[in-house]
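Read through the structure below, which is laid out as structure tokens, and then see the notes.
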Amino acid sequence: MTHTLYGRMYLTAYDTAAGALYDRTRTGFLLRVAVLAELASLGRITDSAGEVGVTGSGRTGDPVLDHALDGIGAHRRTWKAWVRSDRRETLAAVEDRLAVLGLITVEERPVFARAARREVAVLDTAGVRALQAGLTALLRGEGPVEPYDAVVLALASAGRVRHLVSPADARAHKDRIDALTGRLDAIAPALGRTVRGLGTTLVAAQGGMGGG
């Protein structure tokens, strides 16, 4: 399907039963974390005294990652600030990229007195369901979890993607979720802390800034 971390996060957040993302505002935040984690895993950004610093030069070749990298290179901010920054733009950029790759379709629907609303459909529903089922099986199992899958599961839990991590699974596998979230510390300690506080960030965003 997709080898990118942000792509896996997006497809994980897609509710195939509803035919839409489980929550567009929350998905925007989860994608911001996924993009930062992917750039850090590629060695393009690093933790610099709690702020995000760019390492190396040149492009990654991925338009979503390169756009984020350009912004990070122009400003010094904390990891939490970057998670909150450009979330709507990142969501749209990820959808545009996945549409180019033939994984989803995107339609702009006009809404009276409001900006156009995006309607998204995955083209391989069975494949997305298989991806999600595989991740849930990893959460419930005891075997090793690949780095990108660990990030997706940690984010799905923090973002309450309940079609992937049900409340019952969140309770039954709390220690495993904590261990998977802890693996973000190896990528960047401040990123791990940001994910642990993501629940509060999401509640504040939807209560204070509205949905998106």
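Sequential numbering from 1117 applies to the sequence shown in the numbering used here. Cβ atoms here follow ideal geometry from the backbone N, Cα and C, with glycine treated the same way. All of these numbers come straight from a predicted model, not from anything done at the bench.
Secondary structure of Pro1263 (DSSP, three-state): helix. Going by DSSP, Ser1164 is part of the beta strand (DSSP E) stretching over 1161–1164.
Annotated three-state conformation of Thr1118 is coil, per DSSP. Only buried fits Ala1270, as 16 or more other CB atoms lie within 10 angstroms of its CB.
In this structure Glu1211 is in contact with Arg1234, their Cβ atoms being roughly 7 angstroms apart against a cut-off of 8 angstroms.
Beta bridge pairing from DSSP links Ile1220 with Val1238. Shown here for Ala1274: same chain residues with a beta carbon closer than 7 angstroms to its own, the five before and five after excluded, namely Val1311, Leu1314, Gly1315 in chain order. Secondary-structure assignment with DSSP links Asp1291 through no beta bridge to anything. DSSP places Glu1167 in the uninterrupted beta strand (DSSP E) bounded by 1167–1170. Per DSSP, Ala1129 has no beta-bridge partner at all. According to DSSP, Arg1225 shares a beta bridge with Arg1233. Counting along the chain, the unbroken alpha helix (DSSP H) around Gly1187 starts and ends at 1179–1190. Taking Asp1240 as the centre and dropping the five residues before and after it, the same chain places the C-beta of Met1117, Leu1219 closer than 8 angstroms to its C-beta, in chain order. Taking 9 angstroms as the cut-off, the beta carbon of Ile1303 is found no closer than this to the beta carbon of Leu1255. If you draw a straight line from the Cα of Ala1272 to the Cα of Ala1156, it is about 19 angstroms long. The distance from the Cβ of Leu1146 to that of Ala1133 is about 19 angstroms, inconsistent with a contact at the 8 angstroms cut-off.
Spatial neighbours of Asp1163 in its own chain (CB-CB distance under 7 angstroms, excluding positions within 5 residues in sequence) are listed in chain order as Ala1304, Pro1305, Ala1306. Inclusion of Leu1280 and Leu1318 in the CB contact set at 9 angstroms is not warranted, their separation being larger than that value. As computed with DSSP, Leu1137 is found in a beta bridge with Tyr1130.
The beta-bridge partner set that DSSP reports for Thr1194 consists of Glu1167.
Linking Leu1300 to Ala1266 through their CA atoms gives a straight-line distance of about 8 angstroms. Here the C-alpha atom of Ala1249 lies approximately 39 angstroms from the C-alpha atom of His1191.
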